[in-house]
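2 protein chains.
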Amino acid sequence: MNRTKARLSDGREIVYYDEAPGRVPAADQRGLAPVEPVCETRRDPLTGDRVTITAHRNTRTFLPPADQCPLCPGGPASEIPDPSYDVAVFENRFPSFDVRTPPVPPSIDGVERARGAGRCEVVCFTDDHSASMALLPLSRVRTVIDAWADRTAELSAIPGVAQVYVFENRGVEIGVTLHHPHGQIYAYPFTTPRTERMLASAAANPDLFAGVLKAERAGGRTVLAGEHWTAYVPAAARWPVEVHLTPHRHVPDLAALDPGERDELAVLYRDLLRRCDALYGAPLPYVAGWHQAPVGEGRDLLRLHLELFSIRRAPDKIKYLAGSESGMAAWINDVPPEDIAARLRAAGG
Amino acid sequence: MNRTKARLSDGREIVYYDEAPGRVPAADQRGLAPVEPVCETRRDPLTGDRVTITAHRNTRTFLPPADQCPLCPGGPASEIPDPSYDVAVFENRFPSFDVRTPPVPPSIDGVERARGAGRCEVVCFTDDHSASMALLPLSRVRTVIDAWADRTAELSAIPGVAQVYVFENRGVEIGVTLHHPHGQIYAYPFTTPRTERMLASAAANPDLFAGVLKAERAGGRTVLAGEHWTAYVPAAARWPVEVHLTPHRHVPDLAALDPGERDELAVLYRDLLRRCDALYGAPLPYVAGWHQAPVGEGRDLLRLHLELFSIRRAPDKIKYLAGSESGMAAWINDVPPEDIAARLRAAGG
Numbered sequence: 000m001n002r003t004k005a006r007l008s009d010g011r012e013i014v015y016y017d018e019a020p021g022r023v024p025a026a027d028q029r030g031l032a033p034v035e036p037v038c039e040t041r042r043d044p045l046t047g048d049r050v051t052i053t054a055h056r057n058t059r060t061f062l063p064p065a066d067q068c069p070l071c072p073g074g075p076a077s078e079i080p081d082p083s084y085d086v087a088v089f090e091n092r093f094p095s096f097d098v099r100t101p102p103v104p105p106s107i108d109g110v111e112r113a114r115g116a117g118r119c120e121v122v123c124f125t126d127d128h129s130a131s132m133a134l135l136p137l138s139r140v141r142t143v144i145d146a147w148a149d150r151t152a153e154l155s156a157i158p159g160v161a162q163v164y165v166f167e168n169r170g171v172e173i174g175v176t177l178h179h180p181h182g183q184i185y186a187y188p189f190t191t192p193r194t195e196r197m198l199a200s201a202a203a204n205p206d207l208f209a210g211v212l213k214a215e216r217a218g219g220r221t222v223l224a225g226e227h228w229t230a231y232v233p234a235a236a237r238w239p240v241e242v243h244l245t246p247h248r249h250v251p252d253l254a255a256l257d258p259g260e261r262d263e264l265a266v267l268y269r270d271l272l273r274r275c276d277a278l279y280g281a282p283l284p285y286v287a288g289w290h291q292a293p294v295g296e297g298r299d300l301l302r303l304h305l306e307l308f309s310i311r312r313a314p315d316k317i318k319y320l321a322g323s324e325s326g327m328a329a330w331i332n333d334v335p336p337e338d339i340a341a342r343l344r345a346a347g348g
Numbered sequence: 000m001n002r003t004k005a006r007l008s009d010g011r012e013i014v015y016y017d018e019a020p021g022r023v024p025a026a027d028q029r030g031l032a033p034v035e036p037v038c039e040t041r042r043d044p045l046t047g048d049r050v051t052i053t054a055h056r057n058t059r060t061f062l063p064p065a066d067q068c069p070l071c072p073g074g075p076a077s078e079i080p081d082p083s084y085d086v087a088v089f090e091n092r093f094p095s096f097d098v099r100t101p102p103v104p105p106s107i108d109g110v111e112r113a114r115g116a117g118r119c120e121v122v123c124f125t126d127d128h129s130a131s132m133a134l135l136p137l138s139r140v141r142t143v144i145d146a147w148a149d150r151t152a153e154l155s156a157i158p159g160v161a162q163v164y165v166f167e168n169r170g171v172e173i174g175v176t177l178h179h180p181h182g183q184i185y186a187y188p189f190t191t192p193r194t195e196r197m198l199a200s201a202a203a204n205p206d207l208f209a210g211v212l213k214a215e216r217a218g219g220r221t222v223l224a225g226e227h228w229t230a231y232v233p234a235a236a237r238w239p240v241e242v243h244l245t246p247h248r249h250v251p252d253l254a255a256l257d258p259g260e261r262d263e264l265a266v267l268y269r270d271l272l273r274r275c276d277a278l279y280g281a282p283l284p285y286v287a288g289w290h291q292a293p294v295g296e297g298r299d300l301l302r303l304h305l306e307l308f309s310i311r312r313a314p315d316k317i318k319y320l321a322g323s324e325s326g327m328a329a330w331i332n333d334v335p336p337e338d339i340a341a342r343l344r345a346a347g348g
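For the record, the sequence lines run as chains A and B. Note that numbering that gives the first Met the number 0 gives residue 136 to position 137 of the first sequence, counting from 1, and the numbers run on in steps of one. Note that numbering that gives the first Met the number 0 gives residue 106 to position 107 of the second sequence, counting from 1, and the numbers run on in steps of one.
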């Protein structure tokens with residue numbers, strides 16, 4: 000893996016991860032004005048959870064025509080000046096968190112307030128506008144994993160970053176605003192609410208992740224089992240399609256994976272994505288998110304794992320989050336986890 | 000308010016709340032087979048949250064043509080046998096929780112498991128297929144409030160019910176499966192995760208709800224202020240449109256409201272809904288959910304309040320819950336709460 004760093008015309012960083020050496024980055028000719036992000040977090044007094052307010056994002060790029068795709072390489076509208084790439088990662092032009100964001104007062108009407116001083120990146124893993132992660136060659140998936148690991152290490156080192164979340168939103172059904180396949184990385188300036196819950200569970204039961212993995216491997220919902228990784232539909236799945244992919248070794252993040260674990264992950268992850276697309280005979284809309292340990296407190300408690308889920312509950316039906324889920328955080332799942340595990344196993348590799 | 004109880008042909012209960020006396024319920028001629036719900040809850044070991052699995056619901060009625068609407072009164076497909084109604088509440092044919100659900104083993108692969116033994120109801124508040132709550136006469140809104148209060152009291156008395164959630168999902172954009180306007184009630188057999196968070200905050204700060212109300216009334220995000228109620232956009236709003244409507248008196252639930260509070264609520268709630276529809280010049284898709292104190296532990300801690308929110312972030316744009324919200328419970332809101340409060344105030348009454 001060959002890493003090359005450059006800057007876009009507005010000062011944002013772009014990092015190429017190439018399978019062959021020799022990248023000489025092309026200059027960004029667009030002459031963009033510097034981004035002026037306005038990101039802040041406020042702590043909801045009723046729940047204690049942090050909410051992020053990002054006034055500048057409501058005008059972000061929304062499903063542009065293919066000839067103006069910012070992720071296809073080299074065009075006049077492109078975020079990636081080079082005419083081709085393997086993996087290219089750049090700072091999001093419409094970030095939810097950014098270290099450039101201006102200061103805010105420490106509170107508003109009694110509610111704790113802080114700068115949303117993190118970093119958001121876009122991860123492009125193919126210059127083919129109509130490809131997908133599931134259709135990449137294994138060597139490319141392996142490069143993506145190295146890029147994820149490197150980004151995790153770099154972003155974790157930014158002062159104030161508390162947690163790095165590597166994820167892919169796939170499909171217009173879940174609100175993807177660019178058709179070109181891509182992932183994202185959020186370097187949060189706080190530990191996320193879902194992770195806080197997991198840390199509390201792990202603090203009460205230090206055997207939590209090992210115990211769940213052992214029970215799931217013995218249960219009936221395993222989808223894939225390798226030497227280093229197991230993929231299973233969790234017993235208490237919230238979503239009509241949900242799979243967790245968990246390493247057998249207790250590691251905090253992607254950067255801590257050794258080469259053998261990365262090699263197997265490339266094989267199993269692509270296999271899992273292909274099964275997901277086979278489930279309904281069409282590309283599955285999904286969120287695939289890497290839960291990583293926080294940078295600071297609780298780092299030893301949380302085990303790296305992928306949570307992949309989809310809102311598709313039938314070939315022609317979507318699971319919407321409405322009153323119970325969005326209002327009360329009480330998930331109702333119409334699809335038994337045992338059924339979806341059996342169907343993913345049967346979907347072939 | 001005149002309450003009349005009856006049974007549908009499959010044994011489900013229907014309750015009419017009429018403004019005039021004299022209802023003699025018509026018989027349900029459909030001869031439906033008894034419902035056989037299969038509802039269970041499983042406790043996610045990673046977060047401690049309960050997830051509900053409802054295998055029978057994946058085939059529920061989905062956007063039927065208007066002539067087969069189950070909520071229009073008296074037709075052959077109708078759930079409401081009478082030819083007209085003011086407010087009619089009946090047990091959901093496709094419930095997420097039901098006391099009739101069969102037993103389950105106490106665990107599965109180490110994960111705690113229980114019957115989903117609660118009750119789900121549908122609240123019809125107009126027999127006009129194309130009406131909306133915002134367009135009802137005030138007298139009807141007042142009857143709806145009495146019906147909500149009565150249902151809350153009745154459902155809270157069912158053994159095993161821990162919390163009663165009265166809500167309306169409005170709009171196909173959030174997955175409503177019936178066009179005819181209606182609300183719902185979920186009587187959960189557990190305290191919901193969001194409420195658990197609020198109870199933890201209130202246990203740490205007994206002044207929580209009074210303090211937030213006081214600060215919000217003094218802040219710049221008030222939308223409506225009455226003698227008994229205040230509506231405001233919370234400082235840490237998660238959604239592009241979000242309004243909390245909170246009573247000035249610390250009451251646990253709708254059943255505890257006195258007549259004066261109910262009278263003013265009818266006026267303010269309808270006013271609020273009309274402002275919401277005026278915001279983008281079109282019916283706003285929304286979830287309007289009543290947060291009520293649990294029946295048992297924590298009952299004195301939580302103050303009744305409405306949380307109304309919408310996923311609409313612009314006339315032509317929806318806020319989707321994707322990686323950060325659905326994966327990490329970290330909400331990103333593109334619309335500053337101060338802006339939406341000013342726009343709702345300007346939207347007129």
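We treat Cβ as the ideally placed atom computed from N, Cα and C, and that holds for glycine. Computed from a predicted model, the values in this text were never measured in an experiment.
Residue i classed as buried or exposed, judged by whether at least 16 other C-beta atoms fall within 10 angstroms
i                      : result
residue 83 of chain B  : exposed
residue 181 of chain A : buried
residue 179 of chain A : buried
residue 183 of chain B : buried
residue 304 of chain A : buried
residue 206 of chain B : exposed
residue 128 of chain A : exposed
residue 318 of chain A : buried
residue 27 of chain A  : buried
residue 332 of chain B : buried
is_contact[residue i, chain A] using C-beta, thresh 9 angstroms
i                      : result
residue 83 of chain B  : no
residue 280 of chain B : no
residue 183 of chain B : yes
residue 168 of chain B : yes
residue 189 of chain B : yes
residue 1 of chain B   : no
residue 342 of chain B : no
Reduced DSSP secondary structure (H/G/I, E/B, other) of residue i
i                      : result
residue 271 of chain A : helix
residue 261 of chain B : helix
residue 309 of chain A : strand
residue 266 of chain A : helix
residue 318 of chain B : coil
residue 243 of chain A : strand
residue 66 of chain B  : helix
residue 277 of chain B : helix
residue 304 of chain B : strand
residue 90 of chain A  : strand
residue 106 of chain A : strand
residue 52 of chain A  : strand
residue 331 of chain A : strand
residue 216 of chain B : helix
residue 326 of chain B : helix
Residue-level contact to chain B via CB, residue i, 9 angstroms cutoff
i                      : result
residue 4 of chain A   : no
residue 144 of chain A : no
residue 91 of chain A  : no
residue 359 of chain A : There is no way to answer for residue 359 of chain A, as the model of chain A reaches only from 0 to 348.
residue 41 of chain A  : yes
residue 220 of chain A : yes
residue 139 of chain A : no
residue 177 of chain A : no
Would you call the segment 277-290 of chain A and the segment 333-346 of chain A in contact, with 3 or more CB pairs under 8 angstroms? yes
Run through the segment 132-211 of chain A for me and flag every whole alpha helix (DSSP H) of 4 or more residues, listed as ranges in chain order. 137-155, 192-203
Take every Cβ of the segment 1-16 of chain A, pair it with every Cβ of the segment 85-93 of chain A, and state whether three or more of those distances are shorter than 8 angstroms. yes
Completely contained beta strand (DSSP E) runs for the segment 110-135 of chain B, where each covers 3 or more residues: 110-114, 118-123
Inter-stretch contact (C-beta, 8 angstroms, three-pair minimum) for the segment 209-227 of chain B and the segment 122-141 of chain B: no
The segment 14-25 of chain B contacting the segment 260-267 of chain A, beta-carbon criterion three pairs below 8 angstroms: no
Pairs of beta-carbons, one from the segment 267-275 of chain B and one from the segment 228-248 of chain B, closer than 8 angstroms: are there three or more? yes
Which runs of the beta strand (DSSP E) at least 3 residues long sit entirely within the segment 5-50 of chain A? Give them in chain order. 12-17, 38-42
I want to know whether the segment 92-101 of chain B touches the segment 211-218 of chain B - three or more CB-CB distances under 8 angstroms. no
Three-pair Cβ contact test at 8 angstroms for the segment 37-49 of chain B versus the segment 149-156 of chain B: no
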